[in-house]
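*Asks:* My structure is below; once you've seen it, I'll send some questions.
Number of protein chains: 2
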Amino acid sequence: MNTLSYGLLALLSVGPRTGYDLSQRVKPLWQAGHSQIYPLLSQLEQSGYITFELIEQSDKPDKKEYTITESGLAELSEWVGDSAGKPVLKDDLHIKLYAIWLAEPEKARQLLQARAAFCLSELERYQLLMDNVEKDRSSDGGKKHFGRYLLIRKRVMDVEANLQFCKWALSELGS
Amino acid sequence: MNTLSYGLLALLSVGPRTGYDLSQRVKPLWQAGHSQIYPLLSQLEQSGYITFELIEQSDKPDKKEYTITESGLAELSEWVGDSAGKPVLKDDLHIKLYAIWLAEPEKARQLLQARAAFCLSELERYQLLMDNVEKDRSSDGGKKHFGRYLLIRKRVMDVEANLQFCKWALSELGS
DNA sequence: TATAACATGTAAATAGTTACATGATTTG
DNA sequence: CAAATCATGTAACTATTTACATGTTATA
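Residue numbers (full-length UniProt numbering), protein chains in the order written: chain A, 1 to 175; chain B, 1 to 175.
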């Protein structure tokens, strides 16, 4: 049981999903491609934490819909209560910043402007996710969606801090 | 040439360092243990980007002091100007937040309080690094230290945003 | 007519962590 | 007397990314 396994269980704790679905939704929780997800789903199924139902489709490829079991929910609940590890951020901009005196001032500005633009696009993306989660929270009782709400809010705050940094650093470069 | 290789070149661009030194200083740039660093230094040396001098010591183990070459500096300078990739954050707190409705409210609060405490300790650590870099910037001309200054400032802003999130989330839990 | 979305997998390569190995000196 | 710091390396394992593999339908 690695961290991604718990991520998949967490996503499945809200409702049944296919592997493809999970690979689309996992991004804010953990970065992983489908080639990592499909084998893990098999493992989780063999461990009894999830089950699947094969859904045959004529227009689209057949799919497997995975559902979390009681055992999986228990495993996840226990893990959620344990204290979290240290966050690890891998960002090559950090290295480029460190060695920025080697780049032409023009290139340095481009680097920060590009990151600022990326932050803005991320904020837009998260705004859509936030709209969705707020609909879900007002429609049904919504306690299952509270975590998603917290997470998106965290991501937004992280990206806003990043954007602020870029603006500040650009002004430092300018002067 | 992977990202860590550029991180090592960036650290060496400021001055000569041993592998041990690099493994201590690499943290804000990239997360890596010494077992990843020593083999990479051999590779970089064979590629001609760095050279080393063996320094024999009687009281402490012998060490290798690595110095960046013209070729290494050129390689680094080119890379620094290229646009940065997307940052990847791995934080199991995100998953725990997502599934927080499964935890007892007490445990949920503990999770956020522990992270807040971690953020405060990180801020203290960065304050020390900031004091050092400001000394370096005022003593010598300081253009070589500007990048380190930017980087530490970024790290501080990231951690401050994290701390703010924890406080906000705790208030959301409370109500 | 090419690309994107749907859908699931495996294989190969690279990256990263943890454990093994050694050994002196300093600090609590 | 135990733990930390200095110092360098390798081995084994785990995680992650990129490429290979296949096939339909809808959209631009």
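Built from N, CA and C at the ideal position, the CB exists for glycine as well. Keep in mind that this is a model prediction, so the values were computed, not measured.
1) Give me the Cβ distance between residue 76/B and residue 6/B, rounded to the nearest whole Å; I'm assuming they're in contact under 8 Å.
2) Please tell me whether residue 13/A and residue 99/B are closer than 8 Å, where the distance is taken between their beta carbons.
3) Going by beta-carbon coordinates alone, are residue 161/A and residue 158/B separated by less than 8 Å?
4) Could you name the residues of the same chain whose beta carbon sits closer than 7 Å to that of residue 155/A, not counting the 5 residues immediately before and after it, in chain order?
5) Can you name, in chain order, every residue of its own chain whose Cβ lies under 7 Å from the Cβ of residue 109/B, other than the five neighbours on each side?
6) Figure out for me which residue from 36/A, 71/A, 143/A has the closest Cα to the Cα of residue 97/B.
7) Could you tell me the distance, in whole angstroms, from the CA atom of residue 33/B to the CA atom of residue 40/B?
8) Could you tell me whether any Cβ in chain A is nearer than 8 Å to the Cβ of residue 49/B?
9) Hey, quick one: how far does the alpha helix (DSSP H) through residue 76/B stretch, first residue to last?
10) Which two residues bound the contiguous beta strand (DSSP E) that contains residue 90/B?
11) Can you list, in chain order, the residues of its chain whose CB lies under 8 Å from that of residue 163/A, leaving out five sequence neighbours each side?
12) Please decide whether residue 94/B counts as near chain A, where near means a Cβ-Cβ distance under 8 Å.
13) In terms of residue numbering, what span does the beta strand (DSSP E) encompassing residue 53/B cover?
14) Would you kindly report the start and end of the unbroken alpha helix (DSSP H) that includes residue 168/B?
15) Any beta carbon from chain A within less than 8 Å of residue 80/B's own beta carbon?
16) Could you tell me the alpha carbon to alpha carbon distance between residue 151/A and residue 95/B, rounded to whole angstroms?
17) So, are the CB atoms of residue 54/A and residue 64/A less than 8 Å apart?
18) If contact means a Cβ-Cβ distance below 9 Å, which residues of the UniProt domain "Transcription regulator PadR N-terminal" (8–77) of chain A contact chain B?
19) Taking only the alpha-carbon atoms, compute the straight-line gap between residue 49/A and residue 112/B and give it to the nearest angstrom.
20) Smallest Cα separation from residue 68/A: which of 134/A, 168/A, 42/A?
21) For a contact meaning CB atoms closer than 9 Å, what does residue 157/A contact in chain B?
22) Kindly list the residues whose CB is nearer than 7 Å to the CB of residue 89/B, restricted to its own chain and excluding five residues on each side of it in sequence; keep chain order.
23) Pick helix, strand or coil for residue 65/A, following the three-state DSSP scheme.
24) Enumerate in chain order the residues of its own chain whose CB-to-CB distance from residue 3/A is below 6 Å, with the five nearest sequence positions on each side excluded.
25) Tell me where the alpha helix (DSSP H) around residue 43/B begins and ends.
26) How far does the alpha helix (DSSP H) with residue 138/A in it extend, from its first residue to its last?
27) Per DSSP, which one or two residues make a beta bridge with residue 17/A?
28) Note down the Cα distance separating residue 18/A from residue 10/A, rounded to an integer number of angstroms.
29) Residue range of the alpha helix (DSSP H) that residue 58/B falls in?
30) Going by DSSP in three states, residue 101/A sits in which element: helix, strand or coil?
31) How many angstroms separate the CA atom of residue 62/A from the CA atom of residue 46/A?
32) Return the chain-ordered list of same chain residues with a C-beta closer than 8 Å to the C-beta of residue 23/B, the five sequence neighbours on each side being excluded.
33) Using 8 Å for Cβ pairs, my map puts residue 80/B next to residue 114/A. What's the rounded Cβ distance?
34) What residues in the stretch 126–137 of chain A bring their beta carbon closer than 7 Å to a beta carbon of chain B?
*Replies:* With the structure as the only source:
1) Position 76 of the second sequence, counting from 1, holds the residue named residue 76/B. Position 6 of the second sequence, counting from 1, holds the residue named residue 6/B. Correct: roughly 6 Å between the Cβ atoms.
2) Numbered from 1 along the first sequence, position 13 holds the residue referred to as residue 13/A. Numbered from 1 along the second sequence, position 99 holds the residue referred to as residue 99/B. Yes; because the gap between Cβ atoms is below 8 Å, this pair is in contact.
3) Translated into positions along the first sequence, residue 161/A becomes position 161. Translated into positions along the second sequence, residue 158/B becomes position 158. A contact, by the Cβ cut-off of 8 Å.
4) Position 155 of the first sequence, counted from the start, is the residue given in the question as residue 155/A. Excluding residues within five positions, the ones whose Cβ falls inside 7 Å are 28, 126.
5) What you label residue 109/B is simply residue 109 of the second sequence in a count that begins at 1. Cβ within range, chain order: 170, 173.
6) As a first step, residue 97/B must be located in the second sequence, where it is residue number 97. Relative to residue 97/B, the option among 36/A, 71/A, 143/A whose CA is nearest is 143/A.
7) As a first step, residue 33/B must be located in the second sequence, where it is residue number 33. As a first step, residue 40/B must be located in the second sequence, where it is residue number 40. Roughly 11 Å between the two C-alpha positions.
8) Position 49 of the second sequence, counting from 1, holds the residue named residue 49/B. No, its Cβ sits nowhere closer than 8 Å to a Cβ of chain A.
9) Within the second sequence, numbered from 1, the residue matching residue 76/B stands at position 76. Per DSSP, residue 76/B belongs to the alpha helix (DSSP H) from 70–81.
10) The sequence position of residue 90/B within the second sequence is 90, counting from 1. First-last of the beta strand (DSSP E) with residue 90/B: 88–90.
11) Counting from one through the first sequence, the residue named residue 163/A turns up at place 163. Only 116, 119, 120, 123 meet the Cβ criterion.
12) Along the second sequence, read from residue 1 onward, the residue named residue 94/B stands at position 94. With 8 Å as the cut-off, residue 94/B counts as an interface residue toward chain A.
13) Taking the second sequence and counting its residues from 1, one reaches residue 53/B at position 53. Taken as a continuous stretch (DSSP letters only), the beta strand (DSSP E) holding residue 53/B covers 50–55.
14) Position 168 of the second sequence, counted from the start, is the residue given in the question as residue 168/B. Per DSSP, residue 168/B belongs to the alpha helix (DSSP H) from 146–174.
15) Sequence index remark: in the second sequence, residue 80/B carries index 80 (1-based). Yes, residue 80/B counts as interfacial toward chain A.
16) Indexing the first sequence from 1 puts residue 151/A at position 151. Indexing the second sequence from 1 puts residue 95/B at position 95. One C-alpha to the other measures close to 8 Å.
17) The residue labelled residue 54/A in the question sits at position 54 within the first sequence. The residue labelled residue 64/A in the question sits at position 64 within the first sequence. Yes.
18) Result list: 9, 10, 11, 13, 14, 28, 29, 30, 31, 73, 76, 77.
19) Along the first sequence, one-based indexing puts residue 49/A at 49. Along the second sequence, one-based indexing puts residue 112/B at 112. If you take the alpha carbons of residue 49/A and residue 112/B, they lie about 27 Å apart.
20) Numbered from its first residue, the first sequence carries residue 68/A at position 68. When each option's Cα is compared against that of residue 68/A, the closest is 42/A.
21) In the first sequence, the residue the question calls residue 157/A occupies position 157. In chain order: 161, 162, 164, 165, 168.
22) In the second sequence, the residue the question calls residue 89/B occupies position 89. Correct list: empty, nothing qualifies.
23) If you number the first sequence from 1, residue 65/A lands on position 65. Residue 65/A: strand per DSSP, three-state reduction.
24) Here residue 3/A refers to the residue found at position 3 of the first sequence. Take residue 3/A, set aside five residues on each side of it, and no residue of its chain has a beta-carbon closer than 6 Å to its own.
25) Along the second sequence, one-based indexing puts residue 43/B at 43. Per DSSP, the continuous alpha helix (DSSP H) segment holding residue 43/B begins and ends at 34–46.
26) Translated into the one-based positions of the first sequence, residue 138/A becomes position 138. It spans 105–139 - the alpha helix (DSSP H) in which residue 138/A sits, taken as one unbroken run.
27) For the purposes of this step, residue 17/A is identified with residue 17 of the first sequence, where counting begins at 1. For residue 17/A, the beta-bridge partners assigned by DSSP are 66/A.
28) Stepping through the first sequence from its first residue, residue 18/A is reached at position 18. Stepping through the first sequence from its first residue, residue 10/A is reached at position 10. Cα to Cα, the separation comes out at about 14 Å.
29) Counted from its first residue, the second sequence places residue 58/B at position 58. Unbroken run through residue 58/B: none, as it is neither H nor E.
30) Numbered from 1 along the first sequence, position 101 holds the residue referred to as residue 101/A. Residue 101/A: helix per DSSP, three-state reduction.
31) The residue you call residue 62/A lines up with position 62 of the first sequence. The residue you call residue 46/A lines up with position 46 of the first sequence. Roughly 21 Å between the two C-alpha positions.
32) If you number the second sequence from 1, residue 23/B lands on position 23. For residue 23/B, the CB contacts under 8 Å within the same chain, skipping 5 residues up- and downstream, are 32, 33, 34, 37 in chain order.
33) If you number the second sequence from 1, residue 80/B lands on position 80. If you number the first sequence from 1, residue 114/A lands on position 114. With 8 Å as the limit, residue 80/B and residue 114/A do not qualify as a contact, their Cβ atoms being about 13 Å apart.
34) Those residues of the stretch 126–137 of chain A that come within reach of chain B (Cβ to Cβ, closer than 7 Å) do not exist; the list is empty.
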